[in-house]
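Numbering (mature numbering (1 follows the signal peptide of the UniProt record, and there is no 0)), first residue to last: -22 to -1, 1 to 202.
C-beta atoms are modelled at their ideal positions from N, C-alpha and C, and glycine is treated no differently.
Note that the structure is a prediction, hence the values are computed from the model and not measured.
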Ligand SMILES: *[C@@H]1O[C@H](CO)[C@@H](O)[C@H](O)[C@H]1NC(C)=O
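Below, the structure written as structure tokens:
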């Protein structure tokens, strides 16, 4: 084989490797219904799975995502997460879903999902939604935002800080699909000003260019 052919083979291998890493890992079995007590389960590929012979339709079932949630809180929104914690049969499948209820002008405040890309589908109302890029080479953080209406879908790429706000005088509802069974969430305001123990005032005063008294005030608020 000529050196140039060897090089192109290596390049192909590199591309194939990249594609493999860009997808969810394939499963080793049809399902692995999660159990907390290993006595009830089998040990498969490092995880405890419910014995398939005793798996039931209930293991793949969740009821009531159509129900409105209470949004009478400081931000005017309520996220109902449906993950492997609620549907044991989702374990190892790499997806989950959530319902978001918004009060009039309610906000799902800036947050990130460290382990998932999100597809937001608007079911009701008018929502302003967007995400912020990571730090660009020129130091900017670019925002990609849009006003969405019923039936619209918006993508929040994995790990990007994003937010949604109801622009209307009536409630809004969205359904979010995630590319992980456990997307995780970091709410920026809570992580910065509501952490336990608190982050030193001087650090936050510098970071947010705020008077330390304002930082202390923010730290005294409830975020969760
Ligand atoms: C969300 O709604 C549920 C049911 O209506 C309620 O029990 C829960 O306290 C609400 N959560 C927040 C953060 O308001």
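CB of residue i within 8 Å of CB of residue j, strictly
i           : j           : result
residue 91  : residue 161 : yes
residue 80  : residue 149 : yes
residue 62  : residue 108 : no
residue 141 : residue 87  : yes
residue 84  : residue 53  : yes
residue 98  : residue 154 : yes
residue 134 : residue 168 : no
residue 138 : residue 110 : yes
Close-in-space but distant-in-sequence residues of the same chain around residue i (CB under 7 Å, 5 per side omitted)
i           : result
residue 196 : 171
residue 146 : 82, 103 and 104
residue 60  : 40, 43, 74, 75 and 76
residue 114 : 120
Cut-off 6 Å between Cβ atoms - residues of its own chain near residue i, not counting five sequence neighbours on either side
i           : result
residue 100 : 126, 128, 130 and 152
residue 15  : none
residue 57  : 76 and 78
residue 8   : none
Endpoints, alpha helix (DSSP H) assigned at residue i
i           : result
residue 181 : 179 to 186
residue 196 : 190 to 197
Min CB distance residue i to chain D below 8 Å
i          : result
residue 61 : Of the chains in the structure shown, none is chain D; there is only one protein chain.
Residue i CB to nearest heavy atom of ligand 2 below 7 Å
i          : result
residue 76 : No copy of ligand 2 occurs in the structure displayed; its ligands are ligand 1 alone.
Contacts around residue i, its chain only, beta-carbon distance under 8 Å, and the 5 residues preceding and following it disregarded
i           : result
residue 159 : 61, 62, 68, 69, 70, 71, 72, 73 and 74
residue 193 : 171, 179, 182, 183 and 186
residue 66  : 11, 12, 13, 28 and 37
residue 189 : 183
- Item | ligand 1 site residues, beta-carbon cut 5 Å against heavy atoms | 47, 48, 51 and 56
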